[in-house]
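Shown next, in structure tokens, is the structure this report addresses.
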Amino acid sequence: MSKMIVSDPDRCLACKSCELACAMAHCGAGALAEAAKLGAHPQTRVHVEPCGRFGAAVQCYHCEDAPCTTVCPTEAITRQAPDDPVLLDQETCIGCKYCMLVCPFGAISISSKGKAMIKCDMCIERTSEGAEPACVAACPTGALKFEEINEWLAQRRRRSAEALRAAATTEP
Amino acid sequence: MLKHAQSEGLETVWDRHEKMQPQCGFGQLGLCCRNCAMGPCRIDPFGDGPSEGICGATADIIAARHLVRMIAAGASAHSDHGRDTVHTLKMVAEDENCDYQIRDEAKLRRLAEELDIETEGKSVREIAGAVAEVCAGEFGRQDGKITFTARAPEEQQRRWREHGVVPRGIDREVVEIMHRTNIGVDNDPVNLILQGVRSALADGWGGSMIATDLSDVLFRTPNWIVSYANLGILDPEKVNIIVHGHEPTLSEMIVAATQDPEMIELAESKGAKGINLGGMCCTANEILMRHGVPLAGNFLQQELAIGTGLVDAMIVDVQCIFPSLGKIAQRYHTKFISTSPKAKFPYAEHIEFDESRALDIAKEIVRGAIENMPNRKKTSVNLPEMTKPLVAGFTAENIYIALGGRYRPSYRPLNDAIMAGRLRGVAAVVGCNTPKVKLDYGHIEMTKELLANDVLVATTGCSAIAGAKAGFLCPEAAMEYAGKGIQEVCRAVGIPPVLHLGSCVDNSRILVVLSNMVAEGGLGDSIGDLPAAGAAPEWMSEKAVAIGFYVVASGGFTVLGESFPIEGAKGVYDFVTEGIEEYFGGKFAFEGDPIKAARLMIDHIDVKRADLKLPGPMYEVPYAPKTQTGTTAVA
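First to last, the sequence lines map onto chains A and B. Counted the way numbering that gives the first Met the number 0 counts, the first sequence spans residues 0 to 171. Counted the way numbering that gives the first Met the number 0 counts, the second sequence spans residues 0 to 634.
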């Protein structure tokens with residue numbers, strides 16, 4: 000997996016734009032207003048939870064050794080290739096909630112239509128066309144970012160190196 | 000009570016608040032704008048996204064526009080209440096068989112004199128008609144100034160003239176806010192806020208003041224009265240009626256109907272031991288002040304009241320009424336009755352109140368409540384055994400008498416007590432409840448801290464009800480909570496340490512009291528010079544924004560429990576917390592911790608004492624002055 004969605008609580012204002020965008024991206028309806036008028040019940044896969052003064056977005060982290068894939072009795076949750084997201088097939092899912100119980104992040108919830116579970120698919124349709132996941136594209140403050148993992152890591156290391164240097168130079 | 004509500008699966012304001020978490024930061028910081036259809040727009044407070052709206056409005060412009068629209072809404076609510084009172088007075092003047100009467104002729108005559116109305120050879124009804132006409136004119140006035148602004152200290156009026164905020168007409172200032180905040184009109188944040196100030200002044204010294212004064216004329220100026228507070232006032236053996244909302248035109252008639260022998264007889268025929276009326280929110284304060292009707296509770300308790308299973312009817316008019324009440328009433332036997340053509344609710348029975356048939360309609364409503372009593376569901380009754388005694392009914396008029404005695408009524412003893420340091424100062428603790436703060440916690444803790452430090456407290460609105468429930472409104476409370484200075488004053492004149500001055504429109508009484516203190520002499524030239532401060536520790540309504548601004552623009556230092564939605568707009572935030580003081584002598588501070596907030600108020604009082612060259616507190620106080628206030632005289 001080469002890219003991931005990174006959530007920064009320091010930048011999240013809890014506006015829930017990501018929740019709306021996620022729900023819309025997964026309901027097949029066109030515009031938001033259209034879905035609201037039709038009384039459709041699009042469901043979000045990303046959840047903004049209270050955190051600090053405002054909030055933070057929580058969603059599936061697409062774990063490398065994902066416990067949900069291991070416990071699923073019908074093999075509804077799978078990862079096709081090493082760099083792919085962890086996907087849940089609603090047709091195969093029986094809604095036993097094992098995955099919900101083992102997920103350390105509370106990222107898997109029950110579909111409002113019942114019968115199956117739902118989780119973030121990292122907007123695989125959008126990303127395969129080169130677009131960002133819907134939640135990231137909707138975030139007005141950059142609290143959600145779609146990062147190339149190696150680049151993100153490199154940045155983090157550089158920052159830590161700078162911090163080390165600063166600490167060394169301020170040493171009395 | 001809340002636990003009982005939860006066990007019954009009742010969804011209350013607290014549940015909805017929790018479900019709403021987290022709440023949108025753009026809204027909280029004041030960074031979203033929906034004023035035109037190019038938007039909605041949002042400013043990124045972190046600086047990476049848009050720093051201006053599509054029209055080019057900066058964070059300061061957006062936040063200022065929204066803030067003054069809040070003032071417009073709040074001022075409108077108070078002032079429309081005032082307009083209804085004027086309408087009722089006009090009816091009394093025109094129809095001698097009207098259900099309403101002039102109950103305070105002396106006050107009517109004083110007002111007529113103040114309004115330059117010739118009273119010689121005129122009947123009371125003719126005078127009432129003339130007063131109503133002049134007051135009605137204040138709403139549609141196009142220029143000049145609102146008459147009652149002349150009650151403010153001259154120095155304050157001078158500042159208003161200097162900064163161009165003398166309010167012209169009550170309605171005009173609101174309309175001008177709506178004009179200026181339309182796309183592409185006023186784009187100077189300070190200029191916008193000054194118009195907000197103008198509209199707020201038109202409320203405090205106009206709409207609200209008219210509401211208070213004409214209510215006194217129509218329903219009697221309150222006087223000291225003893226009563227009880229909290230949900231425990233509900234009586235399982237009586238028909239329980241709660242009147243909730245704001246305007247005494249309705250609640251006064253409900254009081255009359257519940258005292259009607261025919262109604263009492265009907266209640267007894269249904270096996271009840273009588274009719275028990277309780278009030279909720281500000282209309283409660285109106286009928287408490289004038290009739291001693293007990294307080295059932297304040298804003299956050301409205302759903303819980305129905306949850307007792309004992310309320311046979313809840314009658315509402317306008318303002319602060321949860322849209323959820325109808326749904327909750329359906330779970331019990333409670334009749335939920337709306338009465339105002341301006342305010343209809345889901346699942347409510349609407350019995351429109353018409354002032355020209357006021358008593359008949361009130362009786363119809365009360366009859367419905369009585370006939371509903373046998374429908375109580377015994378299983379869902381839960382009466383919390385809690386009430387507190389209280390003394391209410393203080394006004395700008397009778398504080399003279401309370402302090403000076405009937406034979407030498409005067410503000411002198413109050414000013415003297417402050418000048419000597421027996422009282423460190425005075426504070427107004429007012430305003431709403433909010434689910435963001437544990438019920439009444441802000442009001443109670445702040446009041447305790449002020450009293451312990453010899454700051455006398457005046458209170459109105461839901462804060463007054465909080466104080467009543469906490470037991471602050473009885474004279475004995477001075478011995479329990481207050482410092483030695485307040486204890487001496489309370490013992491000498493027999494008042495409670497916290498004075499209940501009425502409903503939220505009655506904050507106008509506080510303006511008059513402060514003006515009278517200035518006029519009495521020895522404490523400076525304007526309200527801003529007084530060792531005084533105000534606070535709304537649990538505010539939530541736009542009405543509180545209007546009140547806050549008229550108090551600040553009248554010179555008062557005001558501490559709010561939560562910031563206005565302006566924290567993302569530094570210019571606006573700095574102006575209302577600092578810059579505005581240069582203009583009017585008052586300013587805002589925002590502090591969520593009620594103890595810290597009380598200390599900000601006390602610090603301000605100490606600074607004002609030092610400026611007036613007054614000594615420090617006469618007695619030792621737990622929170623000692625930071626500033627050098629002369630020498631502390633130790634008794």
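Backbone N, C-alpha and C define an ideal beta-carbon position, used for all residues, glycine too.
Proximal chain A residues relative to residue i, where beta-carbon distance stays under 7 angstroms
i	result
C23 (chain B)	L12, A13, C14, K15
Chain B residues whose Cβ lies nearer than 9 angstroms to that of residue i
i	result
E48 (chain A)	Q20, P21
Residue environment, residue i, which counts as buried when at least 16 other CB atoms sit within 10 Å
i	result
M313 (chain B)	buried
M617 (chain B)	buried
D98 (chain B)	buried
N190 (chain B)	exposed
H178 (chain B)	exposed
A634 (chain B)	Any reading at A634 (chain B) must be qualified, since the residue scores a pLDDT of 37, below 50, and its modelled position is unreliable; the value itself is stated next. Flag for A634 (chain B) reads exposed.
Y346 (chain B)	exposed
H40 (chain A)	exposed
F104 (chain A)	exposed
G615 (chain B)	buried
I76 (chain A)	buried
A166 (chain A)	exposed
A632 (chain B)	Interpretation of A632 (chain B) is limited by its pLDDT of 43, a score under 50 that renders its predicted location unreliable; the figure taken from the coordinates is listed afterwards. Flag for A632 (chain B) reads exposed.
S339 (chain B)	buried
M385 (chain B)	exposed
L107 (chain B)	buried
I232 (chain B)	buried
A401 (chain B)	buried
Cross-chain neighbours of residue i in chain B, by beta carbon under 7 angstroms
i	result
P139 (chain A)	R41, D43, G48
G54 (chain A)	P21
Presumed contact (8 angstroms Cβ cut-off) between residue i and residue j, rounded CB distance
i	j	result
K435 (chain B)	E561 (chain B)	7 angstroms
N284 (chain B)	N239 (chain B)	The pair is not a contact, with the Cβ atoms about 19 angstroms apart (cut-off 8 angstroms).
G29 (chain B)	A568 (chain B)	6 angstroms
S198 (chain B)	V216 (chain B)	Their Cβ separation, rounded to whole angstroms, is 25 angstroms, which puts S198 (chain B) and V216 (chain B) out of contact at 8 angstroms.
I546 (chain B)	A391 (chain B)	No, I546 (chain B) and A391 (chain B) are not in contact; Cβ-Cβ is about 20 angstroms, not under 8 angstroms.
A210 (chain B)	V504 (chain B)	4 angstroms
A143 (chain B)	S507 (chain B)	For the sequence presented, residue 143 (chain B) should be read as Gly rather than Ala. Actually they are not in contact, since the Cβ atoms of G143 (chain B) and S507 (chain B) sit about 20 angstroms apart, beyond 8 angstroms.
I117 (chain A)	L87 (chain A)	7 angstroms
F583 (chain B)	V551 (chain B)	6 angstroms
C122 (chain A)	P66 (chain A)	That belief does not hold up - the Cβ atoms of C122 (chain A) and P66 (chain A) are roughly 23 angstroms apart, past 8 angstroms.
I176 (chain B)	I70 (chain B)	7 angstroms
A115 (chain A)	C92 (chain A)	4 angstroms
N414 (chain B)	G521 (chain B)	5 angstroms
T425 (chain B)	T459 (chain B)	Here residue 425 (chain B) is Val; the residue named in the question, Thr, does not match the sequence. Not really, about 14 angstroms apart at Cβ, beyond 8 angstroms.
G73 (chain B)	I53 (chain B)	The Cβ separation is near 28 angstroms, so there is no contact.
T257 (chain B)	T394 (chain B)	Their Cβ separation, rounded to whole angstroms, is 25 angstroms, which puts T257 (chain B) and T394 (chain B) out of contact at 8 angstroms.
I526 (chain B)	Q155 (chain B)	6 angstroms
C21 (chain A)	C59 (chain A)	Not quite, the Cβ-Cβ distance comes to about 11 angstroms (not below 8 angstroms), so this is no contact.
A467 (chain B)	L389 (chain B)	4 angstroms
Original post:
Would you call the region 159-168 of chain B and the region 102-121 of chain B touching, i.e. three or more CB-CB distances under 8 angstroms?
Top reply: No, the region 159-168 of chain B is not in contact with the region 102-121 of chain B.
**OP:** Determine, using beta-carbon pairs with one atom in the region 517-533 of chain B and one in the region 591-604 of chain B, whether at least three such pairs fall under 8 angstroms.
**Re:** yes
Subject >> contact_flag[the region 347-357 of chain B, the region 377-384 of chain B] where n(CB pairs < 8 angstroms) is 3 or more >> reply: Not touching, per the Cβ criterion.
**OP:** May I ask you to verify whether the region 476-483 of chain B touches the region 491-505 of chain B, counting CB pairs closer than 8 angstroms and requiring at least 3?
**Re:** The answer is yes - the region 491-505 of chain B touches the region 476-483 of chain B, with three or more Cβ pairs under 8 angstroms.
Subject >> At least three beta-carbon pairs within less than 8 angstroms, the region 321-333 of chain B to the region 6-15 of chain B >> reply: yes
**OP:** Spell out a yes or no on whether the region 277-292 of chain B and the region 245-258 of chain B are touching, meaning 3 or more CB-CB pairs, one atom from each, closer than 8 angstroms.
**Re:** yes
**OP:** Evaluate the contact criterion for the region 225-236 of chain B versus the region 251-265 of chain B: three or more CB pairs, one atom per stretch, below 8 angstroms.
**Re:** no
Subject >> contact_flag[the region 290-306 of chain B, the region 266-273 of chain B] where n(CB pairs < 8 angstroms) is 3 or more >> reply: no
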